[in-house]
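Chain order of the listed sequences is Z and Y.
Numbers 84 to 349, taken from my numbering, label the letters of the first sequence in order.
Numbers 2 to 320, taken from my numbering, label the letters of the second sequence in order.
Positions of the beta carbon are idealized from the N, C-alpha and C atoms, including for glycine.
Okay, so here's the structure we're looking at.
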Amino acid sequence: MINKNKIKRNWKIFWLFSKFALKTTFQTRWGVAFFIGGKLMRFFFLLGFLFLVFSKTKSLYGYSFQEAAIFFMTFNLIDNAAQFLFREVYRFRPLITSGGFDLVLIKPYHPFLRILLGGVDYMDLLTLVLYLLITLYFAFQLPYLSFINLLLYLLLLTNGLIIATAFHVIVLALGILITSVDHTIMIYRDITSIGRFPLDIYREPIRFVFTFVFPIALMMNLPAQVLIGKFNWELVVVAIVFAFGLLGFSMLLWKKAVKHYQSWGG
Amino acid sequence: MISVKNLTKTYLVHKKQNNLLKDIFFRQYKKVVALDDISFDIRDNELVGFIGPNGAGKTTTLKILSGILYPTSGNINILGYIPFSKNPEFLKQIAFVAGQRNQLIWDLPASDSFKLNQEIYEINEQEYKKNVADLAEILNCLKMIDKPVKTLSLGERMKMELIAALLHRPKLVFLDEPTIGLDLFSQQNIRHFLKTYQQKYQATIILTSHYMEDVKALAKRVIIINHGKIIYNDQLKNIIEKYSSEKIIKITLDDNCDEKNLTLKEKPFFYSFPEIIYKVDKKTLPEKIKMITETLPFSDLTVEDKPIEEVIKEMFRKS
Numbered sequence: 084m085i086n087k088n089k090i091k092r093n094w095k096i097f098w099l100f101s102k103f104a105l106k107t108t109f110q111t112r113w114g115v116a117f118f119i120g121g122k123l124m125r126f127f128f129l130l131g132f133l134f135l136v137f138s139k140t141k142s143l144y145g146y147s148f149q150e151a152a153i154f155f156m157t158f159n160l161i162d163n164a165a166q167f168l169f170r171e172v173y174r175f176r177p178l179i180t181s182g183g184f185d186l187v188l189i190k191p192y193h194p195f196l197r198i199l200l201g202g203v204d205y206m207d208l209l210t211l212v213l214y215l216l217i218t219l220y221f222a223f224q225l226p227y228l229s230f231i232n233l234l235l236y237l238l239l240l241t242n243g244l245i246i247a248t249a250f251h252v253i254v255l256a257l258g259i260l261i262t263s264v265d266h267t268i269m270i271y272r273d274i275t276s277i278g279r280f281p282l283d284i285y286r287e288p289i290r291f292v293f294t295f296v297f298p299i300a301l302m303m304n305l306p307a308q309v310l311i312g313k314f315n316w317e318l319v320v321v322a323i324v325f326a327f328g329l330l331g332f333s334m335l336l337w338k339k340a341v342k343h344y345q346s347w348g349g
Numbered sequence: 002m003i004s005v006k007n008l009t010k011t012y013l014v015h016k017k018q019n020n021l022l023k024d025i026f027f028r029q030y031k032k033v034v035a036l037d038d039i040s041f042d043i044r045d046n047e048l049v050g051f052i053g054p055n056g057a058g059k060t061t062t063l064k065i066l067s068g069i070l071y072p073t074s075g076n077i078n079i080l081g082y083i084p085f086s087k088n089p090e091f092l093k094q095i096a097f098v099a100g101q102r103n104q105l106i107w108d109l110p111a112s113d114s115f116k117l118n119q120e121i122y123e124i125n126e127q128e129y130k131k132n133v134a135d136l137a138e139i140l141n142c143l144k145m146i147d148k149p150v151k152t153l154s155l156g157e158r159m160k161m162e163l164i165a166a167l168l169h170r171p172k173l174v175f176l177d178e179p180t181i182g183l184d185l186f187s188q189q190n191i192r193h194f195l196k197t198y199q200q201k202y203q204a205t206i207i208l209t210s211h212y213m214e215d216v217k218a219l220a221k222r223v224i225i226i227n228h229g230k231i232i233y234n235d236q237l238k239n240i241i242e243k244y245s246s247e248k249i250i251k252i253t254l255d256d257n258c259d260e261k262n263l264t265l266k267e268k269p270f271f272y273s274f275p276e277i278i279y280k281v282d283k284k285t286l287p288e289k290i291k292m293i294t295e296t297l298p299f300s301d302l303t304v305e306d307k308p309i310e311e312v313i314k315e316m317f318r319k320s
């Protein structure tokens, strides 16, 4: 049975962590300006690159400009939402090497409230809203957009976020087991960045690898394919099963890691 | 309150092979025993000092008792809970304060971290305000609460850490080197606070410290640990009686005494005119005092116990 009081309490703690993360962020206002400026510059540069490609060709492996833009925006939505929620993961290594994680483990809440969700980055929320608006702009330009596809798109965006959550939990577990966070999170970022564009542009076995080994296609591409109506139902089921399977695996790895935690820096 | 039976903890440590390639590709590990089958009990409202050299196993014990580390084997029961199961009801009754660890949000005032702990430990507003005021009063630090943590000195920060950790009035407090790095004045303040806190709130406290002054000022009972084994578990005052076979005789020679004519019948432990110090066997104390009073012209004579630090050092050497 769902314990309403527990959810309410966890929500309050999450809210306070987020509030204090925001207060901390605004200690350096110039830092905020440079961060947002840099992010927007990279985003518009890549969108401009897409424009440039389509000024020379009418389609990209059968996809129109609007469709390719949906792929690009879907990647940005999931990637940005993961950064918005899980920014604290990037700061996990110092917590481990300094032994500060000890003080997280003795608190009467799930450690994920602090180390996974404890540093919500509101600067990413600004870009997330912008990306959402641009996605809707491109989506409503599609000639065949349906309500069902839009609903399924939201479902698979959530599914993509579940896969992203599982990856971040794996990064945290590896942070404990091998004290390496920076490298693993960068590997995750580099691999997921392949999902900016339709994976159909790659040949086999690359497509297979990025569908079933590193599930970038299921995470980033499938929602876009659903929105533009070019998908198969089997893959949707596979994506949902895969997401929950990966989440289960990540939780098992996390439990193992906590059991093997050696508490460094003391 | 605390029952520990046959607790053992081994760490897996990378074994250096003096060969970079082997260390990277064929890494070997060895087991290091941090705690070796230790057992002890601690009653309610006790303040027990854990003493031991670096690497003896003090902090590991505290971390296992608080549920941070998973024990390799043994049984632990604290307040009716098994620590590593991390039952929230257990965690709400304990606190862990470490001199080298920081739970406060660095860029923000300590009051923000207190607010967070209020929510985490589900303290109602009235109780929260009272607890902050009480603790800040004992520590004399009410003005510091609203200053960003990064602007506080180490001593001031430690006071804030203590408030944050004790805000929920834990029944059991683990203190791992709470005075490390502090100046003498701050050390004294923290000791005074801990003593007052324990008396006022009837908390059970387990303290580790390298400063014997902390232990002497606070703990009646000590557990001495070395190489992962308990070598002493009793009242602090009994250590000297049980383990020191020597007494110290300190003599200040008479100002009129001519150093050139002085003949020292017994070889002193220390001599720098006009001060002489003898270390003598307890059994021969009356005989030695007689000899000294008959042969040396002195203005002052005192008999003292060997310093407790010396006795403990000797215990470490023997164990």
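- In the same chain as PRO306/Z, and ignoring 5 residues on each side of it, the C-beta atoms closer than 7 Å to its own belong to THR157, TYR236, LEU239, LEU240, GLY243, in chain order.
- For the options ILE299/Z, ILE284/Z, GLY145/Z, the alpha carbon positioned closest to that of ASP273/Z is the one of ILE299/Z.
- Those residues of the region 180-204 of chain Z placed with their C-beta closer than 7 Å to a C-beta in chain Y are GLY182, GLY183, ASP185, LEU186, LEU188, ILE189, LYS190, PRO191, TYR192, ordered along the chain.
- Sorting ASN78/Y, VAL98/Y, LYS16/Y by C-alpha distance to the C-alpha of LEU208/Y places VAL98/Y at the top.
- Secondary structure at SER300/Y: strand, using DSSP grouped into helix, strand and coil.
- Chain Z places no beta carbon closer than 7 Å to that of PRO171/Y, leaving this residue out of the contacts.
- Within chain Z, GLN345 have C-beta atoms less than 8 Å from the C-beta of TYR12/Y, given in sequence order.
- Closest option to ILE250/Y, judged by alpha-carbon separation, among ASP301/Y, ALA218/Y, ALA111/Y, TYR233/Y: ASP301/Y.
- Annotation for ILE179/Z: no beta strand (DSSP E) segment contains it, though the alpha helix (DSSP H) segment containing it runs 175-180.
- DSSP places GLN236/Y within a strand segment (E or B) once states are collapsed to three.
- Here THR180/Y is not near TYR129/Y, since their CB atoms are 7 Å or more apart.
- Using a Cβ-Cβ cut-off of 9 Å, LYS106/Z is close to ILE106, ASP108, LEU109, ASP113 of chain Y, given in chain order.
- Counting only runs of 4+ residues, the alpha helix (DSSP H) found wholly inside the region 31-66 of chain Y occupies 59-66, in chain order.
- Inclusion of ILE259/Z and TYR192/Z in the CB contact set at 7 Å is not warranted, their separation being larger than that value.
- Neighbours of TYR122/Y in chain Z, taken as residues at a C-beta separation under 8 Å, are given in chain order as PRO191.
- Straight through space, the alpha carbons of VAL319/Z and LEU282/Z are spaced by roughly 16 Å.
- Of all residues in the region 203-227 of chain Z, none places a beta-carbon less than 7 Å from a beta-carbon of chain Y.
- DSSP, reduced to helix, strand and coil, places GLU171/Z within a helical segment of the structure shown.
- Between PHE221/Z and ILE153/Z, the C-beta spacing is below 7 Å.
- For a cut-off of 8 Å, the C-beta gap from GLY229/Y to ASP37/Y is around 4 Å, short enough to register as a contact.
- In this structure, LEU329/Z is the residue among PHE134/Z, LEU329/Z, ASN315/Z, TYR173/Z with its C-alpha nearest to the C-alpha of ILE245/Z.
- By the C-beta density criterion, THR285/Y is exposed, having fewer than 16 other C-beta atoms within 10 angstroms.
- Taking C-beta atoms as the reference points, ASN88/Y and TYR82/Y count as a pair closer than 7 Å.
- Pairing LYS144/Y with PHE115/Y, the inter-Cα distance amounts to about 15 Å.
- Counting of Cβ neighbours within 10 angstroms places TYR198/Y among the buried residues, the total reaching 16 or more.
- Following the DSSP letters along the chain, one finds GLY75/Y inside the beta strand (DSSP E) bounded by residues 74-79.
- Put simply, the CB of LYS91/Z is far from chain Y, with every gap to its CB atoms at 7 Å or more.
- Judged by DSSP secondary structure, PHE314/Z falls outside any alpha helix (DSSP H); it is assigned neither H nor E.
- Contact note: ILE96/Z reaches chain Y through LEU117, GLU120, ILE121, using a C-beta cutoff of 9 Å and chain order.
- For TYR144/Z, same chain residues with a beta-carbon under 8 Å away, outside a window of 5 residues either side, are PRO281, ASP283, ILE284 in chain order.
- Here ILE106/Y is buried, its C-beta having at least 16 other C-beta atoms within 10 Å.
- Between GLN104/Y and ILE206/Y, the alpha-carbon positions lie close to 19 Å from each other.
- Residues of chain Y whose Cβ lies closer than 8 Å to the Cβ of LEU99/Z are, in chain order, LYS116, LEU117, GLU120.
- Per DSSP, LEU199/Z is not a residue of any beta strand (DSSP E), being assigned neither H nor E.
- In the same chain as THR267/Z, and ignoring 5 residues on each side of it, the C-beta atoms closer than 7 Å to its own belong to VAL254, LEU257, in chain order.
- For the C-beta of LYS342/Z, the chain Y residues within less than 7 Å are, from N- to C-terminus, TYR71.
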